[in-house]
Ligand code: ATP
Ligand code: ZN
């Protein structure tokens, strides 16, 4: 079925960077069909009144705020840095990184407080300023563009405040992590006026329900198993989050098959206990999407 109500929705996505491929994968996952964007500014969805706008990630909060786009997928760090008044609708579970403080390995500083009176280079000046004020650290913020990690070597600053994910870049530049300012991930943001427009808000809500279905599914497994009927009460107690699992009688007298969804985090523990309680032939399948 076409997702359409005659009201165009525009979604801003990073054109070429760390968030691009996961953003497109997510949009395809919620059923939007579109061509690869290759160097084009727009892509129209074949099956929905949705248009994708490919721009630099730094422009996304502003464009969404101004209504050039209705929705955007961007790092929370960018929204925080720009202080944009956009609505954050969902955390998207990718693009994880931390805005962290670091110093050259041999530096005497042991905690962020030791940066008092010193210079910190960053591409996130507003977020850093806010953090320093909150923590009562009297350091000088040196705003730079591009690679912060080289600033100490160039004596532009004594420390840096930069986004890190694995920490490889810090290690490669002989830097040591001193403390964290905040954690970030990709988020779905919306233009506040779009959410007040009845027709468009309805379309946003539909996409959002699908999105949650996709995100929840990532943490779930579908489990089928066989068990003696008498073990059922015990097994139902063990299976968390399932109000009523599906129970099917088997050809073998006194045996049943049970189907249930299980959260991935507690998965192994749950499986072990079910086996102890009499479960057998336990099959585990991935869950692609969930609609509740
Ligand atoms: P653009 O050309 O669009 O301005 P960019 O160089 O500013 O790109 P990327 O490096 O592609 O941006 O990063 C985009 C987002 O990815 C960041 O804003 C952040 O939310 C996230 N991210 C995840 N891990 C990292 C990391 N290790 N370093 C930087 N950003 C990261
Ligand atoms: Zn950028």
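Residue numbers (our numbering): 50 to 341. Quick reminder that beta carbons are idealized off the backbone N, C-alpha and C, glycines included.
Given residue i as reference, the closest of the options once Cα atoms are compared
{"i": "residue 191", "options": "268, 199, 209 and 144", "result": "209"}
{"i": "residue 287", "options": "309, 299 and 341", "result": "309"}
{"i": "residue 273", "options": "81, 246, 95 and 320", "result": "320"}
{"i": "residue 152", "options": "236, 141 and 164", "result": "164"}
{"i": "residue 231", "options": "135, 111 and 173", "result": "173"}
{"i": "residue 285", "options": "265, 301 and 306", "result": "306"}
{"i": "residue 104", "options": "206, 65, 134 and 156", "result": "65"}
{"i": "residue 304", "options": "84, 244 and 275", "result": "275"}
{"i": "residue 300", "options": "257, 277 and 316", "result": "277"}
{"i": "residue 265", "options": "95, 219, 141 and 85", "result": "141"}
{"i": "residue 185", "options": "302, 106 and 161", "result": "161"}
{"i": "residue 261", "options": "63, 335, 339 and 330", "result": "339"}
{"i": "residue 106", "options": "166, 129 and 85", "result": "129"}
{"i": "residue 97", "options": "87, 91 and 83", "result": "83"}
{"i": "residue 341", "options": "257, 283, 331 and 326", "result": "257"}
{"i": "residue 158", "options": "114, 207 and 178", "result": "207"}
{"i": "residue 255", "options": "138, 89 and 182", "result": "138"}
Neighbourhood of residue i by C-beta, 8 angstroms cutoff - its chain only, sequence neighbours within 5 removed
{"i": "residue 268", "result": "312, 313 and 314"}
{"i": "residue 126", "result": "146, 148, 173, 176, 212, 231 and 233"}
{"i": "residue 228", "result": "149, 150, 160 and 161"}
{"i": "residue 322", "result": "287"}
{"i": "residue 91", "result": "100, 101, 102 and 103"}
{"i": "residue 116", "result": "240, 242 and 243"}
Contact set for residue i: own chain, Cβ-Cβ below 6 angstroms, skip 5 residues either direction
{"i": "residue 109", "result": "61, 121 and 123"}
{"i": "residue 295", "result": "308"}
{"i": "residue 297", "result": "306"}
{"i": "residue 118", "result": "59, 61, 102 and 112"}
{"i": "residue 131", "result": "110"}
{"i": "residue 189", "result": "168"}
{"i": "residue 93", "result": "100"}
{"i": "residue 50", "result": "Here residue 50 scores only 47 on pLDDT, less than 50, and its place in the model should not be relied on; the value that follows carries that caveat. Nothing meets the Cβ criterion."}
{"i": "residue 75", "result": "none"}
{"i": "residue 214", "result": "146"}
{"i": "residue 180", "result": "230"}
CB-CB length for residue i against residue j, believed under 8 angstroms
{"i": "residue 233", "j": "residue 148", "result": "7 angstroms"}
{"i": "residue 59", "j": "residue 102", "result": "5 angstroms"}
{"i": "residue 154", "j": "residue 204", "result": "Actually they are not in contact, since the Cβ atoms of residue 154 and residue 204 sit about 16 angstroms apart, beyond 8 angstroms."}
{"i": "residue 280", "j": "residue 136", "result": "Not quite, the Cβ-Cβ distance comes to about 48 angstroms (not below 8 angstroms), so this is no contact."}
{"i": "residue 244", "j": "residue 236", "result": "Incorrect: roughly 15 angstroms between the Cβ atoms, too far for contact."}
{"i": "residue 196", "j": "residue 171", "result": "Incorrect: roughly 11 angstroms between the Cβ atoms, too far for contact."}
{"i": "residue 259", "j": "residue 80", "result": "6 angstroms"}
{"i": "residue 200", "j": "residue 193", "result": "6 angstroms"}
{"i": "residue 283", "j": "residue 251", "result": "Wrong, their Cβ atoms sit about 45 angstroms apart, outside the cutoff."}
{"i": "residue 216", "j": "residue 187", "result": "Residue 216 to residue 187, Cβ: 27 angstroms. No contact."}
Proximal residues to residue i (C-beta, below 7 angstroms), its chain only, five neighbours per side dropped
{"i": "residue 78", "result": "263"}
{"i": "residue 333", "result": "270 and 272"}
{"i": "residue 337", "result": "266"}
{"i": "residue 8", "result": "Residue coverage of the chain in this structure runs from 50 to 341, which leaves residue 8 outside it and unanswerable."}
{"i": "residue 143", "result": "71, 234 and 235"}
{"i": "residue 249", "result": "56, 58, 119 and 243"}
{"i": "residue 114", "result": "133, 134, 135 and 240"}
{"i": "residue 36", "result": "One cannot answer for residue 36 here, as it falls past the ends of the chain, which runs 50 to 341."}
Inside the stretch 187-237 only - beta strand (DSSP E) runs reaching at least 3 residues: Segments of the beta strand (DSSP E) lying fully in the stretch 187-237: 189-192, 208-213 and 224-233.
query: So which residues put a beta carbon under 6 angstroms from any heavy atom of the ligand ATP, going in chain order?
result: Spelled out in chain order, the answer is 63, 66, 67, 68, 105, 106, 107, 124, 126, 127, 144, 146, 212, 213, 214 and 233.
- prompt: Which parts of the stretch 67-141 are runs of the alpha helix (DSSP H), unbroken and 4 residues or longer, counting only runs that do not cross its ends?
  reply: Taking only runs of at least 4 residues, the alpha helix (DSSP H) segments lying wholly in the stretch 67-141 are 69-78, 109-115 and 125-131.
Ranges of the beta strand (DSSP E) found wholly within the stretch 233-282, counting only runs of at least 3: If only complete runs of 3 or more residues are kept, the stretch 233-282 shows the beta strand (DSSP E) at 235-239 and 269-277, in order along the chain.
Ordered list of alpha helix (DSSP H) runs contained in the stretch 282-330, each at least 4 residues: Runs of the alpha helix (DSSP H) inside the stretch 282-330: 316-325.
- prompt: Going along the chain, which unbroken runs of the alpha helix (DSSP H) with 4 or more residues stay wholly within the stretch 147-191?
  reply: Listed in chain order, the complete alpha helix (DSSP H) runs (minimum 4 residues) inside the stretch 147-191 are 174-184.
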